[in-house]
Amino acid sequence: MQQIIRFLVEHPEVIEKLQNGTVSLIGLSELEIKAVIKVFSESTRPLGYWM
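Read in order, the letters of the sequence shown are residues -9 to 41 in my numbering.
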């Protein structure tokens, strides 16, 4: 999970694609994907906690 979060921080354009359903995160459940989207959507600086 930490590597996925790091990747999303380095490539924020992927978050929009994830929200649109044009990309997926292999190895995460739908619930985990929704949580990741929620964290990135609700905060301008969400990842200090996760890293």
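Beta carbons are placed, not taken as given, at the ideal position from N, Cα and C, and that holds for glycine.
Query, Result
"Backbone CA spacing between T12 and E3 [nearest angstrom]", "12 Å"
"Rounded separation between F30 and Q(-7) - CA only", "15 Å"
"Separation of K24 from N10, as counted between CA atoms", "12 Å"
"Cβ neighbours of I27 in the same chain (closer than 8 Å, five flanking residues each side left out)", "I5, L8, Q9"
"heavy atom of the ligand FAD below 6 Å from K7 C-beta", "With respect to the ligand FAD, the structure shown offers nothing to examine, as it has no ligands at all."
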